Amino acid sequence: MNPLNCSNLREIGKVIKKIIATTWPGVNYLENVLLVITIPAEFSETSKAIMRTCAFDAGLIKEKYSTNLQFTTEPEAAAIYCMEMNLKEQALAHPGTNFMIVDCGGGMVDITVRKLINNDQLGEITERAGDFCGSIFIDAEFVKYLRKILGDKPMDLLKDRDYGQMQSLIQQFCENCKLPFTGDNPDFSYDLDLGDARPILLEYVSDEVRKKLENNDWTIDIDFATVK
Numbered sequence: 105m106n107p108l109n110c111s112n113l114r115e116i117g118k119v120i121k122k123i124i125a126t127t128w129p130g131v132n133y134l135e136n137v138l139l140v141i142t143i144p145a146e147f148s149e150t151s152k153a154i155m156r157t158c159a160f161d162a163g164l165i166k167e168k169y170s171t172n173l174q175f176t177t178e179p180e181a182a183a184i185y186c187m188e189m190n191l192k193e194q195a196l197a198h199p200g201t202n203f204m205i206v207d208c209g210g211g212m213v214d215i216t217v218r219k220l221i222n223n224d225q226l227g228e229i230t231e232r233a234g235d236f237c238g239s240i241f242i243d244a245e246f247v248k249y250l251r252k253i254l255g256d257k258p259m260d261l262l263k264d265r266d267y268g269q270m271q272s273l274i275q276q277f278c279e280n281c282k283l284p285f286t287g288d289n290p291d292f293s294y295d296l297d298l299g300d301a302r303p304i305l306l307e308y309v310s311d312e313v314r315k316k317l318e319n320n321d322w323t324i325d326i327d328f329a330t331v332k
């Protein structure tokens with residue numbers, strides 16, 4: 105396996121080892137530290153094996169099949185966190201308490217319902233349900249919206265010639281529109297500043313679109329109904 109594929113894990117390992125060496129100077133990382141990595145719930149055994157190989161190549165474990173590396177699914181990790189933090193803070197950490205975990209990721213949204221059993225054990229009331237409706241699909245709809253306003257050709261050229269600027273528009277939308285939007289305020293609106301994308305758009309948008317953009321100071325008003 106190409107060691108470059110493990111570069112992220114290697115950098116994470118450097119941070120972990122530094123913290124352990126600073127906080128617990130006498131601890132031998134490779135011998136005494138249990139590493140638990142969260143993985144998507146849909147990961148196959150093959151995917152887990154690849155992750156283990158990457159962890160070994162990155163120097164996170166001494167031997168490839170070391171028991172010092174274990175995996176837990178992201179919903180399981182979220183359930184444990186809720187049990188240890190939220191339920192105990194709200195005085196709800198007692199047997200019989202049911203709670204729902206909604207894992208809204210970039211690609212998928214996963215939902216599970218858990219039940220707290222004796223001795224901090226967790227049971228699963230419903231099987232995991234999930235679908236591809238995560239955050240990236242909202243971003244895709246935003247790009248479609250821009251295509252309707254600006255046209256396909258200008259958007260294609262912006263993507264090909266200045267992909268960074270395309271991503272900047274998406275990031276601007278995420279920070280100022282997608283994340284703050286709750287669906288509760290009908291007066292919600294956001295003015296998207298086309299900014300540095302103007303040179304390319306000026307060259308390829310239609311005269312009608314250009315005039316509208318100039319009249320609006322090269323901003324696009326995104327209202328409540330559009331976002332919803």
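In the numbering used here, the protein residues as written are 105 to 332. C-beta atoms are modelled at their ideal positions from N, C-alpha and C, and glycine is treated no differently. These numbers were taken from a predicted model, which means no experiment stands behind them.
Own chain partners of residue i with C-beta closer than 7 Å, once the 5 adjacent residues on each side are dropped
i      : result
LEU113 : CYS158, ALA159, ALA162 and LEU164
LYS121 : TYR133
ASN172 : VAL137, LEU138, LEU139 and ILE165
Residues near residue i in its chain [Cβ-Cβ closer than 6 Å; skip 5 each side]
i      : result
SER239 : GLY210
ASP295 : THR323 and ASP325
ALA233 : ILE215
Burial state of residue i (16 or more Cβ within 10 Å)
i      : result
ILE304 : buried
THR347 : This structure cannot settle anything about residue 347, because the visible part of the chain is limited to 105 through 332.
CYS110 : buried
ALA195 : exposed
ASP224 : exposed
PRO129 : exposed
LEU262 : buried
ASN106 : For ASN106, the pLDDT reaches just 45, beneath the cut-off of 50, and the residue's location in the model is therefore unreliable, although a value from the coordinates is still provided. When all chains shown are included, ASN106 counts as exposed.
PHE277 : buried
CYS208 : exposed
ILE236 : A quick correction: the sequence has Phe, not Ile, at residue 236. Label assigned to PHE236: exposed.
DSSP beta-bridge partners of residue i
i      : result
GLY227 : LYS219
ASP327 : SER293
ALA233 : ILE215
GLN174 : VAL140
ASP207 : ASP214
ASN280 : Answer by DSSP bridge pairing: none, since ASN280 is not bridged.
ASN202 : LYS219
Sequence-distant residues of the same chain with beta carbon closer than 8 Å to residue i, five excluded per side
i      : result
GLY117 : ALA162, GLY163 and LEU164
GLY287 : LYS332
GLU167 : PHE160
VAL206 : VAL213, ASP214 and ILE215
Residue closest to residue i, alpha-carbon to alpha-carbon, out of the options
i      : options                           : result
ASP321 : ALA182, GLU279, ASP297 and LEU261 : ASP297
ALA145 : PHE175, VAL119 and LYS122         : PHE175
ILE141 : GLU279, ILE124, ALA181 and SER272 : ALA181
GLY80  : GLU193, ALA183 and LEU220         : Lying before the first or after the last residue shown, residue 80 is absent from the chain, which here runs from 105 to 332.
PHE292 : ILE154, CYS237, LEU173 and THR330 : THR330
ILE242 : LEU283, THR150, PRO179 and ILE123 : LEU283
PRO179 : ILE143, ARG156 and ASN202         : ILE143
Check whether the segment 297-313 and the segment 252-263 touch, using three or more Cβ-Cβ pairs below 8 Å as the test.
Three or more beta-carbon pairs drawn from the segment 297-313 and the segment 252-263 are found closer than 8 Å, and the two stretches are therefore classed as touching.
Given 8 Å, three or more beta-carbon pairs between the segment 182-197 and the segment 133-141:
Judged by pairs of C-beta atoms under 8 Å, the segment 182-197 does not touch the segment 133-141, as fewer than three such pairs exist.
For the pair the segment 222-236 and the segment 260-270, tell me if three or more CB-CB distances fall below 8 Å.
In this structure the segment 222-236 does not lie against the segment 260-270, because fewer than three pairs of beta carbons, one per stretch, are closer than 8 Å.
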